[in-house]
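**Student:** Top to bottom, those sequences are chains A and B. Take 1 as the starting number for the first sequence in the UniProt record's numbering and just add one per residue. Take 1 as the starting number for the second sequence in the UniProt record's numbering and just add one per residue. C-beta: ideal position from N, C-alpha, C; glycine also.
There are 2 protein chains.
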Amino acid sequence: MQMLKAYCQQKAALVDEALFRLVPRQAGYLATVYEAMRYSLFAGGKRLRPILLMAAADAVGGRGSHYLHVACGLEMIHTYSLIHDDLPAMDNDDFRRGKPTNHRVFGEGMAILAGDGLLTAAFEVMLSQPGVEPGVLLKVVREIAQAAGPAGMVGGQAVDLAAEGKVLDAAALKYMHQAKTGALFRAALRAGALLAGGSNSQVEALTAYAEQFGLAFQITDDILDVTGSEEKIGKPVGSDIRNAKATYVSLYSLEGARHMAREAVEQAKTALDGFGAEADILRDLVSYLLTRDS
Amino acid sequence: MQMLKAYCQQKAALVDEALFRLVPRQAGYLATVYEAMRYSLFAGGKRLRPILLMAAADAVGGRGSHYLHVACGLEMIHTYSLIHDDLPAMDNDDFRRGKPTNHRVFGEGMAILAGDGLLTAAFEVMLSQPGVEPGVLLKVVREIAQAAGPAGMVGGQAVDLAAEGKVLDAAALKYMHQAKTGALFRAALRAGALLAGGSNSQVEALTAYAEQFGLAFQITDDILDVTGSEEKIGKPVGSDIRNAKATYVSLYSLEGARHMAREAVEQAKTALDGFGAEADILRDLVSYLLTRDS
Numbered sequence: 001m002q003m004l005k006a007y008c009q010q011k012a013a014l015v016d017e018a019l020f021r022l023v024p025r026q027a028g029y030l031a032t033v034y035e036a037m038r039y040s041l042f043a044g045g046k047r048l049r050p051i052l053l054m055a056a057a058d059a060v061g062g063r064g065s066h067y068l069h070v071a072c073g074l075e076m077i078h079t080y081s082l083i084h085d086d087l088p089a090m091d092n093d094d095f096r097r098g099k100p101t102n103h104r105v106f107g108e109g110m111a112i113l114a115g116d117g118l119l120t121a122a123f124e125v126m127l128s129q130p131g132v133e134p135g136v137l138l139k140v141v142r143e144i145a146q147a148a149g150p151a152g153m154v155g156g157q158a159v160d161l162a163a164e165g166k167v168l169d170a171a172a173l174k175y176m177h178q179a180k181t182g183a184l185f186r187a188a189l190r191a192g193a194l195l196a197g198g199s200n201s202q203v204e205a206l207t208a209y210a211e212q213f214g215l216a217f218q219i220t221d222d223i224l225d226v227t228g229s230e231e232k233i234g235k236p237v238g239s240d241i242r243n244a245k246a247t248y249v250s251l252y253s254l255e256g257a258r259h260m261a262r263e264a265v266e267q268a269k270t271a272l273d274g275f276g277a278e279a280d281i282l283r284d285l286v287s288y289l290l291t292r293d294s
Numbered sequence: 001m002q003m004l005k006a007y008c009q010q011k012a013a014l015v016d017e018a019l020f021r022l023v024p025r026q027a028g029y030l031a032t033v034y035e036a037m038r039y040s041l042f043a044g045g046k047r048l049r050p051i052l053l054m055a056a057a058d059a060v061g062g063r064g065s066h067y068l069h070v071a072c073g074l075e076m077i078h079t080y081s082l083i084h085d086d087l088p089a090m091d092n093d094d095f096r097r098g099k100p101t102n103h104r105v106f107g108e109g110m111a112i113l114a115g116d117g118l119l120t121a122a123f124e125v126m127l128s129q130p131g132v133e134p135g136v137l138l139k140v141v142r143e144i145a146q147a148a149g150p151a152g153m154v155g156g157q158a159v160d161l162a163a164e165g166k167v168l169d170a171a172a173l174k175y176m177h178q179a180k181t182g183a184l185f186r187a188a189l190r191a192g193a194l195l196a197g198g199s200n201s202q203v204e205a206l207t208a209y210a211e212q213f214g215l216a217f218q219i220t221d222d223i224l225d226v227t228g229s230e231e232k233i234g235k236p237v238g239s240d241i242r243n244a245k246a247t248y249v250s251l252y253s254l255e256g257a258r259h260m261a262r263e264a265v266e267q268a269k270t271a272l273d274g275f276g277a278e279a280d281i282l283r284d285l286v287s288y289l290l291t292r293d294s
């Protein structure tokens, strides 16, 4: 895990630097909307989706750090989704990663625009990725749009919103998470493999890994809401119980959820059987989910 | 103008058909978010941006109707911007084109998601445009992202939002409109010319036309708010005066604004001097702005 920590720190630093350059501070008329965008972009995110993209590129023998534009685009899309999710009309959250949410600082209207701005700029940034054959870049960005859109992340959020006050059954819960969180993880891993010229079988293997990774991520997220420390997560724990939300823990008990998470992690690693040491980061990353505290 | 009317009706019908197919009705979990997206997408828009794209492609000797994916993407981006602009945290409008606004029908949270969904799906749709060299398509969609993003449409909206309760001066007003409305017109016309393989000088001429078109559009929009009929516009007139908003009419008087609009229309036509009859639709379109009643 020492290697994993160093890898993540190094890649996150690359992403931070690139984002700083790609979403620059602005003077004049545009100062406020860029300030609002940058507030959430630099609020301490772990850069997990960019790291997954880079680790997938590395796993197929490429250089993950060559694809920073697409990696940063994923982080911008993830950040916009958090800003909009936190809005009063959605989850109505006041804190995120220990800091006031975007609309609490900039107001609701500007927070909506900051999200819109990040989402739109993400596509401009991704489509500016140098060093990739145009046809490949088109395909990758199209997949990311699909994963982030109404049949993916936005759709999952809509299912979540519509479920307010109701309790989702296991099938609906799985669908909602797969769309809301899983689809973008999947797009990140596939993007890394496709950009770096992975073979069809490598892309398929990483897709299978991605699906189990997403599942393990969500189950451990639900577990953290029960067992985690408020200080480390940066937001109140126990909110799922208070909101009577269906979770893997409420449906399968804490022990059942832990078992399911271990199972998903094993299956994710099995999907990597065809890879050598170049996929060790991906193996460590998914194992890490079982021990994470934030 | 007879020719213009027939052209617009024919192209709008093509766009409607394509949108119907590209943003299909959904059953199951995704039914509501797609219904919300389609509600605003099929609420009687004039399809002006897709028509401008197609007319520009026709003007450089191409076939505008070949580029329906990109044309529809523009309309989806325009529609998302209307949904978000109407939200309570923004303009707080109850009616649009004579129908209740999206959030009045589907609630605020779902309206935010419908906008997010349309914006994201717009990129998926545009990046699926067949029959175009990938490098050209990348460049065109990147330009559209830039025009719609925080340095374009979203930025203009942010300037508008920040100006609430203040009165913008002439320079700020021009900047705001250029970003909020002009940038996407410009992207539409350039997209048509670039997709259809227009020469550099043709693209530059259509860019100059676009800038004057955008100016004429905004000035006549401000005039309509004073002289228009509520029934035809589909929303209350006089709202700019009630909200003490700076407009071309408040800054330059009704007569002054009319003069400026005629001037912009003349300059737009002058930009087309190098084109023959294949640009007649563009000439008629900008002239039409002087007589429009909605």
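#1: To the nearest angstrom, how far is it from the Cα of A:G98 to the Cα of A:T207?
#2: Would a C-beta distance cut-off of 9 Å place A:M110 and A:T227 closer than the cut-off?
#3: Please list the partners that B:Y175 has in chain A, where partner means a Cβ-to-Cβ separation under 8 Å.
#4: Grouping DSSP H, G and I as helix and E and B as strand, with all else coil, what is B:P50?
#5: Quick one: is A:Y67 near chain B, going by C-beta distance under 9 Å?
#6: Can A:L224 and A:D116 be called in contact, C-beta distance under 9 Å?
#7: Have a look at B:A210 and B:F185 and give me their C-alpha separation to the nearest angstrom.
#8: Of all Cβ atoms in chain A, is any one closer than 9 Å to the Cβ of B:Q218?
#9: Using the beta-carbon of each residue, which ones in chain B are nearer than 9 Å to A:V159?
#10: Between the alpha carbons of B:H69 and A:L251, how many angstroms are there, rounded?
#11: According to the Cβ coordinates, are A:V141 and A:M153 closer than 9 Å?
#12: Which residues mark the beginning and the end of the alpha helix (DSSP H) in which A:F123 is found?
#13: Assess, as a yes-or-no matter, whether the stretch 11-26 of chain B is touched by the stretch 39-47 of chain A under the definition of 3 or more beta carbon pairs within less than 8 Å.
#14: Which chain B residues sit within Cβ distance under 9 Å of A:F95?
#15: Given 8 Å as the limit, is there contact between the stretch 69-89 of chain B and the stretch 179-193 of chain B, that is, 3 or more CB pairs closer than that?
#16: Mind checking A:E17: buried by the 16 CB within 10 Å criterion, or exposed?
#17: Would B:A216 and B:A59 be called neighbours here (beta carbons separated by less than 9 Å)?
#18: Mind listing the chain A neighbours of B:A148? Cutoff is C-beta to C-beta under 7 Å, in chain order.
#19: Exposed or buried, A:A188, counting other C-beta atoms within 10 Å across all chains shown (16 or more means buried)?
#20: Against B:H84, what residues of chain A qualify as contacts under a CB-to-CB distance less than 7 Å, listed in chain order?
#21: Taking 9 Å as the threshold (C-beta atoms), are B:R258 and B:K269 in contact?
#22: Got a sec: is the Cβ-Cβ distance from A:Y39 to anything in chain B below 9 Å?
#23: Please classify A:Q129: is it buried, with 16 or more other beta-carbons within 10 angstroms of its beta-carbon, or exposed?
#24: Tell me whether the beta-carbon of B:L113 lies closer than 9 Å to the beta-carbon of A:L161.
#25: Checking contacts by CB at 9 Å: is A:S133 closer than that to chain B?
#26: Here's the rule I'm using: 16 or more other beta-carbon atoms within 10 Å means buried, otherwise exposed. How should B:D91 be labelled?
#27: Identify every residue that forms a DSSP beta bridge with A:F95.
#28: With H, G and I counted as helix, E and B as strand and the rest as coil, what does DSSP make of A:G156?
#29: Spatial neighbours of A:D85 within its chain, please: C-beta separation below 8 Å, excluding the five flanking residues on both sides.
#30: I need the straight-line Cα distance from A:H103 to A:F20, nearest angstrom please.
#31: Out of B:D240, B:P50 and B:Y34, point me to the one whose CA is closest to B:G165's CA.
#32: Output yes if chain A places a C-beta closer than 9 Å to the C-beta of B:G256; else output no.
#33: Exposed or buried, what is B:A56 when buried is set at 16 or more other beta-carbons lying within 10 Å of its beta-carbon?
#34: Determine the direct distance from the alpha carbon of B:L285 to that of B:D221, and round the result to whole angstroms.
#35: For residue 298 of chain B and chain A, any beta-carbon pair shorter than 9 Å?
#36: Using 9 Å as the threshold, is the C-beta distance between B:M54 and B:L118 below it?
**Tutor:** In short, the structure shows the following:
#1: Using only the alpha carbons, I get a separation of about 33 Å.
#2: Taking 9 Å as the Cβ cut-off, A:M110 and A:T227 do not qualify as a contacting pair.
#3: Chain A residues near B:Y175: Y29.
#4: Annotated three-state conformation of B:P50 is helix, per DSSP.
#5: By this cut-off, A:Y67 is not an interface position.
#6: No, the Cβ-Cβ distance between A:L224 and A:D116 is not below 9 Å.
#7: Distance from the CA of B:A210 to the CA of B:F185, rounded to the nearest whole angstrom, comes to 6 Å.
#8: With its beta carbon at least 9 Å from every one in chain A, B:Q218 lies outside the interface.
#9: In chain order: Y29, L30, T32 and V33.
#10: Straight across, the Cα-Cα distance linking B:H69 with A:L251 is about 43 Å.
#11: The Cβ atoms of A:V141 and A:M153 do not sit closer than 9 Å to each other.
#12: Following the DSSP letters along the chain, one finds A:F123 inside the alpha helix (DSSP H) bounded by residues E108 to M126.
#13: Judged by pairs of C-beta atoms under 8 Å, the stretch 39-47 of chain A does not touch the stretch 11-26 of chain B, as fewer than three such pairs exist.
#14: Among the residues of chain B, none has a CB under 9 Å from the CB of A:F95; the nearest is roughly 19 Å distant.
#15: With contact defined as three or more Cβ pairs closer than 8 Å, the stretch 69-89 of chain B and the stretch 179-193 of chain B are in contact.
#16: Its Cβ having fewer than 16 others within 10 Å, A:E17 is exposed.
#17: The answer is no: Cβ separation not under 9 Å.
#18: Residues of chain A whose Cβ lies closer than 7 Å to the Cβ of B:A148 are, in chain order, T120.
#19: With 16 or more other Cβ atoms inside 10 Å of its own Cβ, A:A188 counts as buried.
#20: Ordered by position in chain A, the residues that pass the 7 Å Cβ test against B:H84 are I112 and D116.
#21: Judged by their CB atoms, B:K269 and B:R258 are not nearer to each other than the 9 Å cut-off.
#22: It does not: the Cβ of A:Y39 has no partner Cβ on chain B nearer than 9 Å.
#23: Buried.
#24: In contact: B:L113 and A:L161 (Cβ atoms closer than 9 Å).
#25: Note that residue 133 of chain A is Glu in the sequence shown, not Ser. Taking Cβ atoms only, chain B reaches closer than 9 Å to A:E133, which makes this a yes.
#26: Around the beta carbon of B:D91, 16 or more other beta carbons sit within 10 angstroms, so the residue counts as buried.
#27: Looking at the DSSP assignment, A:F95 forms a beta bridge with A:P100.
#28: Looking at A:G156 - three-state DSSP - the assignment turns out to be helix.
#29: For A:D85, the CB contacts under 8 Å within the same chain, skipping 5 residues up- and downstream, are D91, D93 and Q157 in chain order.
#30: If you take the alpha carbons of A:H103 and A:F20, they lie about 22 Å apart.
#31: Check the Cα spacing between B:G165 and each of B:D240, B:P50 and B:Y34: the tightest is with B:D240.
#32: Taking Cβ atoms only, chain A never reaches closer than 9 Å to B:G256, which makes this a no.
#33: Per the 10 Å Cβ criterion, buried.
#34: Each residue's Cα considered, the two are about 15 Å apart.
#35: No answer is possible for residue 298 of chain B: it lies beyond the span of chain B, which begins at 1 and ends at 294.
#36: Inclusion of B:M54 and B:L118 in the CB contact set at 9 Å is not warranted, their separation being larger than that value.
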